[in-house]
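One structure is given below, encoded as structure tokens.
Residue numbers (my numbering), protein chains in the order written: chain A, 2 to 249; chain B, 2 to 249; chain C, 2 to 249; chain D, 2 to 249.
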């Protein structure tokens with residue numbers, strides 16, 4: 002697992018093509034901004050992939066050469082083919098890292114890994130968010146201080162219907178009165194998963210330096226520690242068995 | 002959630018029809034033995050359902066009147082229709098309890114709730130199993146003592162590919178040299194899930210008094226504490242919002 | 002564990018004797034208000050105990066007849082004798098429930114059970130608190146709705162230095178901008194522990210109907226499921242041992 | 002946290018001085034063997050400390066220059082001064098790693114961090130142990146394969162009275178019929194703790210290559226990610242507070 006962390010930044014890339022306001026913020030798509038930042042970080046190499054490419058840009062070969070996949074989707078979750086979702090799922094269980102951003106809480110791959118509805122309360126009112134770091138020793142929060150603020154966001158509020166995170170690292174405070182578990186870590190199979198709440202198509206969240214720092218930290222944290230294919234072997238005994246059961 | 006716990010005991014019910022040896026052990030199917038025992042317990046009412054019934058015996062109406070579903074499947078996991086699996090899944094997330102027995106580790110519903118492969122090592126050699134109670138205060142282990150033994154079993158060994166259980170209550174020792182996390186508790190949505198390792202089509206495991214006690218305890222433990230439908234509401238602010246964002 | 006839950010409501014009971022403002026709110030002590038409410042609930046019997054009684058009111062006999070202990074302390078944590086703390090600790094590990102209220106985050110018994118500093122940020126500014134229910138299916142949140150509000154409170158903010166809770170059930174939002182894990186569940190030994198943030202000597206928090214409901218629910222949830230004394234037995238083998246080691 | 006990991010290998014060092022049989026196995030003490038191995042690993046520097054040194058060899062200065070402390074004690078747990086235990090405890094919560102070996106389950110520092118009795122079943126019969134790796138992706142199990150065996154050991158069996166580990170990585174199978182959670186990870190404060198079962202004064206466990214590999218891996222895993230002193234600050238509001246409470 003030495004060498005560069007090979008990241009594939011995936012984006013639905015629909016809002017940016019159709020919506021003038023979004024295009025102003027992300028002329029080349031959100032993926033371009035995220036990938037641009039990551040590509041400047043030491044020890045990280047980046048490619049991008051989007052929904053409308055063949056196989057959504059996630060061929061077997063691309064995934065075999067991806068250590069960490071970041072995911073942003075919103076209006077077209079249902080257009081992601083089950084076959085590709087299964088392929089990503091298999092790869093995460095083998096050890097690939099997955100970072101789900103903002104509205105990716107409702108993506109097929111996130112729901113498949115969590116096993117729950119992943120629902121929440123929400124509101125688009127441009128309110129302020131303050132994100133508290135409750136695990137200052139965790140690699141994902143390195144360098145972000147006690148909290149950071151985003152001036153205008155879409156709100157996500159509890160109850161967030163997820164399995165209890167293995168580690169909860171960030172909790173959000175919203176101007177309008179809600180709270181949210183905004184940074185959540187899980188391990189599934191041999192892979193690591195990080196859900197990170199910030200991110201939106203019209204608010205320029207992915208230009209925020211702290212948001213980008215968290216994503217970069219998460220790339221390093223979710224990078225594979227092992228890649229191991231799934232099996233379910235029939236095995237020989239390691240000790241002599243004297244019991245024999247009912248049927249010879 | 003007062004009144005009886007209404008259990009539906011589900012069984013694939015194929016081995017018992019086709020295999021003479023299995024038929025000898027479970028002439029009316031495993032479900033009949035489990036349901037028979039449960040129906041004698043105070044505060045529990047029981048029905049059964051099997052794969053070859055219409056909708057696998059799990060109509061909307063049956064599920065709406067089921068508090069806890071127990072599941073045994075083995076050779077025909079793939080024949081369980083996705084639509085019915087989705088229906089069970091939705092009901093578990095709303096609060097219904099689910100108890101997965103033995104080879105149900107590979108059932109569609111268990112894998113869908115766990116999000117992992119749920120694979121393991123295995124061996125059919127009729128060996129002895131000793132199941133250790135590591136949580137004597139847990140309702141599921143009530144009355145079973147420090148450990149119990151099964152003289153002849155199919156072995157399941159680690160690594161069991163599951164999310165870290167919310168609570169691990171039983172660990173198995175096998176004569177042939179393996180160990181296994183044999184009693185595992187999770188919460189998903191509002192529902193509780195218990196995986197219990199013992200159970201097999203030819204070894205008469207479901208006649209064992211302690212196995213039946215654990216299943217009975219698990220029925221009480223997984224019984225719903227709430228039933229609540231899933232939603233993802235857009236909500237009004239609870240505090241005045243002064244920030245307004247970029248787009249008026 | 003049938004019959005009534007026998008609760009001992011413990012209070013430091015110093016502020017109420019010395020401070021005129023506190024006396025106005027709690028003329029007979031906070032314990033009197035909490036105990037008064039609990040004693041009206043079905044299936045709960047209550048006694049109280051305070052710091053200045055002999056053995057802090059927590060003799061061996063009292064503890065042997067206590068199923069759940071609630072704890073409030075603030076200015077005199079250090080005056081609680083280590084010998085009594087050890088006695089409570091032993092009893093919790095045997096199965097007694099413990100509910101730590103507000104400033105009890107710094108009590109000797111809570112820190113001894115957690116193993117951490119249990120520190121936090123704080124402010125006394127009379128601000129508003131909104132407490133979000135993130136586990137609507139948990140017995141402790143039964144009947145409290147999606148959230149409840151307290152108009153004027155002392156603020157506690159993250160990072161709260163505790164072990165990751167087995168289950169986090171409540172998260173607070175504060176007017177001044179912080180968040181806090183306000184309802185936390187742990188199991189230690191055979192006992193259950195609940196930390197509940199609300200409560201203060203001058204704000205009349207313990208008269209709030211929802212606060213009292215949570216405490217009542219927590220009494221039922223922490224009630225012992227087993228009482229079992231600690232041992233560390235040398236045991237005989239259950240299987241024949243052929244290996245013999247180096248030294249005969 | 003770059004540079005070498007600075008390890009202090011602590012040993013009670015009493016058996017080795019008094020008991021002829023132990024002296025044969027560990028003429029210079031167990032700490033010498035463990036430290037000898039660690040000192041040959043890249044990026045690790047080692048010192049040792051023992052009970053009978055002044056301040057048990059753990060002065061403020063030594064601890065300030067220790068990233069990871071390994072602990073072995075058995076017959077003299079009670080002779081470790083509370084003041085030194087408090088010092089270690091404080092340092093772990095600040096971020097220092099701690100590795101507790103075998104009979105250190107009953108050490109003051111381990112019990113203080115766990116908050117439980119840490120009791121278990123045990124037997125000295127020289128039996129075989131097989132330790133299963135249930136988390137092949139975890140840094141601590143790197144390179145050890147699916148399992149490893151120790152031909153002659155003292156047995157530790159469940160129930161091990163510990164808080165549910167944040168991550169359970171190893172489970173033991175014993176010839177005599179028991180099982181044990183042999184590799185357990187926790188985080189407390191900013192520090193990481195690993196409990197590792199193998200190790201004994203007469204069986205030459207600390208010469209075993211896989212045992213030494215696990216300890217080496219654990220040194221790297223518990224190495225501090227942050228060092229941060231404890232505080233409990235009174236803080237100013239981040240948002241304007243309009244509520245004012247009862248007392249102006």
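Ideal placement from N, C-alpha and C gives every residue a C-beta, glycine not left out.
These numbers come from a predicted model, not from an experiment.
**Item:** chain C contacts made by the segment 231 to 247 of chain B, where a contact means CB separation under 9 Å
**Value:** 239 and 240
**Request:** Only counting runs of 4 or more residues, tell me where the alpha helix (DSSP H) segments fall wholly within the segment 88 to 176 of chain C, in order along the chain.
**Result:** 109 to 115
**Prompt:** According to DSSP, is residue 39 (chain C) helix, strand or coil?
**Reply:** Residue 39 (chain C): helix per DSSP, three-state reduction.
**Prompt:** So, using beta-carbon positions, are residue 171 (chain A) and residue 132 (chain A) closer together than 7 Å?
**Reply:** One thing to note: residue 171 (chain A) has its Cβ within 7 Å of the Cβ of residue 132 (chain A).
**Asked** Is the CB-CB distance between residue 116 (chain A) and residue 189 (chain B) below 7 Å?
**Response** yes
**Message:** So the candidates are D:35, D:6 and D:5; which of them puts its Cα closest to the Cα of residue 14 (chain D)?
**Reply:** D:35
**Request:** Would you mind reading off the limits of the alpha helix (DSSP H) that contains residue 12 (chain B)?
**Result:** Looking at the DSSP string, residue 12 (chain B) is not in any alpha helix (DSSP H); the run it does join, the beta strand (DSSP E), is 6 to 12.
**Message:** Below 9 Å on C-beta distance, what does residue 137 (chain B) contact in chain D?
**Reply:** Residues of chain D whose Cβ lies closer than 9 Å to the Cβ of residue 137 (chain B) are, in chain order, 160.
**Prompt:** How close, in whole Å, do the beta carbons of residue 153 (chain B) and residue 204 (chain B) come, if the pair is a contact with beta carbons under 8 Å?
**Reply:** 5 Å
**Request:** Look at residue 73 (chain D) and residue 102 (chain D) and say whether their C-beta atoms are less than 7 Å apart.
**Result:** yes
**Request:** Mind checking the segment 119 to 145 of chain A against chain B and listing, in chain order, the residues whose C-beta falls within less than 7 Å of any C-beta there?
**Result:** 120, 121, 122, 123, 124, 126, 127, 128 and 129
**Message:** Please classify residue 136 (chain A) as buried or exposed, where buried requires at least 16 other C-beta atoms within 10 Å of its C-beta.
**Reply:** buried
**Message:** Against chain C, does residue 117 (chain D) count as a neighbour if the rule is that its beta carbon must be under 7 Å from one of theirs?
**Reply:** yes
**Asked** Relative to the C-alpha of residue 70 (chain A), which residue among A:140, A:18, A:164 and A:94 is closest?
**Response** A:94
**Prompt:** Would you say residue 163 (chain D) reaches chain A, if we count a Cβ-Cβ gap shorter than 7 Å as a contact?
**Reply:** no
**Prompt:** Along the chain, where does the beta strand (DSSP E) that runs through residue 194 (chain C) open and close?
**Reply:** 192 to 197
**Message:** With DSSP as the reference, identify every bridge partner of residue 70 (chain B), one or two as the case may be.
**Reply:** B:9 and B:99
**Item:** Near-chain E residues of the segment 184 to 208 of chain D (beta-carbon distance less than 8 Å), N- to C-terminal order
**Value:** Absence of chain E from the displayed structure is noted, the protein chains being A, B, C and D.
**Item:** N-terminal and C-terminal residue of the alpha helix (DSSP H) that residue 62 (chain C) is part of
**Value:** 61 to 65
**Message:** Check this for me: beta carbons of residue 89 (chain B) and residue 57 (chain B), under 7 Å apart or not?
**Reply:** no
**Item:** Cα-Cα separation between residue 65 (chain A) and residue 230 (chain A), rounded to whole angstroms
**Value:** 12 Å
**Prompt:** Taking the alpha carbon of residue 97 (chain B) as the point to measure from, which residue in B:62, B:237 and B:224 has its own alpha carbon closest?
**Reply:** B:224
**Prompt:** Hey, residue 166 (chain D) and residue 218 (chain D): beta-carbon distance below 7 Å or not?
**Reply:** no
**Request:** Please classify residue 178 (chain D): does DSSP put it in a helix, a strand, or coil?
**Result:** In the displayed model, residue 178 (chain D) falls within coil according to three-state DSSP, outside both helix and strand.
**Asked** Hey, quick one: how far does the beta strand (DSSP E) through residue 45 (chain C) stretch, first residue to last?
**Response** 45 to 51
**Request:** Have a look at residue 214 (chain C) and residue 163 (chain B) and give me their C-alpha separation to the nearest angstrom.
**Result:** 36 Å
**Asked** How should residue 25 (chain C) be labelled, buried or exposed, when 16 other C-beta atoms within 10 angstroms of its C-beta is the threshold for buried?
**Response** exposed
**Request:** Measure from the C-beta of residue 172 (chain B) to each C-beta in chain D and report whether the shortest distance is under 7 Å.
**Result:** yes
**Request:** Buried or exposed for residue 180 (chain D), please, with buried defined as at least 16 other CB atoms from any protein chain shown within 10 angstroms of its CB.
**Result:** buried
**Asked** Anyone know if the C-beta pair for residue 120 (chain D) and residue 185 (chain C) falls short of 7 Å?
**Response** The Cβ atoms of residue 120 (chain D) and residue 185 (chain C) do not sit closer than 7 Å to each other.
**Asked** So, are the CB atoms of residue 38 (chain B) and residue 10 (chain B) less than 7 Å apart?
**Response** Contact flag unset, no.
**Within 7 Å of chain B by C-beta, residues of the segment 102 to 113 of chain A in sequence order** = 113
**Asked** Counting only beta-carbon atoms, is residue 177 (chain D) nearer than 7 Å to chain B?
**Response** no
**Request:** Would you mind stating whether residue 244 (chain A) and residue 177 (chain B) have Cβ atoms separated by less than 7 Å?
**Result:** No. Outside cutoff.
**Host alpha helix (DSSP H) of residue 213 (chain C) (start-end)** = 210 to 223
**Message:** Under DSSP, the alpha helix (DSSP H) around residue 16 (chain B) begins and ends at which residues?
**Reply:** Boundaries of the alpha helix (DSSP H) around residue 16 (chain B): 16 to 19.
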